[in-house]
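Participant: Using mature numbering (1 follows the signal peptide of the UniProt record, and there is no 0), the letters of the sequence shown correspond one by one to residues -23 to -1, 1 to 166. Just so you know, even glycine gets a beta-carbon here, dropped at the ideal spot from N, CA and C.
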Amino acid sequence: MKRSSRILAASAVLLSLAGAASAADEHAGHSATTAAAAPMIHADLIGLDGKTIGMVMLQETPAGVLVSAEAKGIPAGEHGFHFHQKGVCDTATKFDSSGGHFTGGDHQHGYMVATGPHGGDMPNQNVGADGLLKTQVLNSGVTLSPGPKSLLDADGSALVIHAGVDDYTSQPSGNAGGRIACAVIAAAK
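1. Starting from the C-beta of Y88, find all residues in its chain whose C-beta is less than 6 Å away, skip the five residues before and the five after it, and write them out in chain order.
2. What would DSSP say about A48, mapped onto helix, strand or coil?
3. Does DSSP classify S117 as helix, strand or coil?
4. Quick one: what's got a C-beta closer than 6 Å to A46's C-beta in the same chain, skipping five residues either side?
5. Mind checking which residues open and close the beta strand (DSSP E) that includes C159?
6. Within its chain, find whatever has a CB closer than 8 Å to the CB of D26; leave out the 5 residues flanking it on each side and keep chain order.
7. Identify, in the order they occur along the chain, each residue of the same chain with its Cβ nearer than 6 Å to the Cβ of Q62, setting aside the five sequence neighbours on each side.
8. Where does S74 sit, in a helix, a strand or coil, going by DSSP?
9. Is T112 helix, strand or coil by DSSP?
10. Which one of K49, Q36 and T120 has the shortest CA to CA distance from L109?
11. I'd like the list of long-range same chain contacts for T11, defined as Cβ closer than 6 Å, with 5 residues on each side in sequence excluded.
Set out below in structure tokens:
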């Protein structure tokens, strides 16, 4: 009797471990599939001289778009960091070719405005004396999937670093000054 109880108990333990392992494998497979299926964009970040100074990576997440950026040669201080309307980074226009801020809807510019922020708004970025920028920002106001908040519309969009700090209030762009770096955000061809 004791032996059959031990066998029964051991069988129950093995079955529960097998079920847990199966559930873990199923969950791991789902996560890998979800991550692999999530849209991801890589783009070069260029300076006003047209040379590559860094890179930008955007990845769709369930909560929005995770924006990762690294750059060198950025002046020390705080800088406005926004998505702009068009995927054009023409140095001859000092990146004015990228248009105004991407809105993705009817919101106004700025975190300190009752009707803001719009989809192009992201926090200012602080660059140290070494000129290096390394950041990650989650932007819940945009997507890489089709729709009105998509950065990947027919003319794409751009990520722009401004010369000055965004005051989070002034319309239409936060009084952040000129544009000093730009990355074209477009679907892979």
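Facilitator: With the structure as the only source:
1. Start at 1 with the first residue of the sequence shown, and residue 88 comes out as number 111. Correct list, in chain order: P94 and Y145.
2. Counting from one through the sequence shown, the residue named residue 48 turns up at place 71. Strand.
3. Locating residue 117 in the sequence shown gives position 140, counting from the first residue. Coil at S117, not helix or strand.
4. Position 69 of the sequence shown, counted from the start, is the residue given in the question as residue 46. Counting only Cβ-Cβ distances below 6 Å, and skipping sequence neighbours, we find V33 and T112.
5. Here residue 159 is taken as the residue at index 182 of the sequence shown, counted from 1. Its beta strand (DSSP E) spans residues R156 to I162.
6. Looking up residue 26 in the sequence shown gives position 49. Excluding residues within five positions, the ones whose Cβ falls inside 8 Å are T68.
7. Here residue 62 corresponds to residue number 85 of the sequence shown, with the count starting at 1. Excluding positions up to five away in sequence, the list reads G76, G77 and F79.
8. As a working mapping, residue 74 is identified with position 97 in the sequence shown. DSSP places S74 in helix when its eight states are reduced to three.
9. Numbered from 1 along the sequence shown, position 135 holds the residue referred to as residue 112. DSSP places T112 in strand when its eight states are reduced to three.
10. Reading the sequence shown from its first residue, position 132 is the one you call residue 109. Closest by alpha carbon: K49.
11. To locate residue 11, count along the sequence shown from 1; it is residue 34. With a pLDDT of only 46 at T11, under the threshold of 50, the placement of this residue in the model should not be trusted, and no figure is reported.
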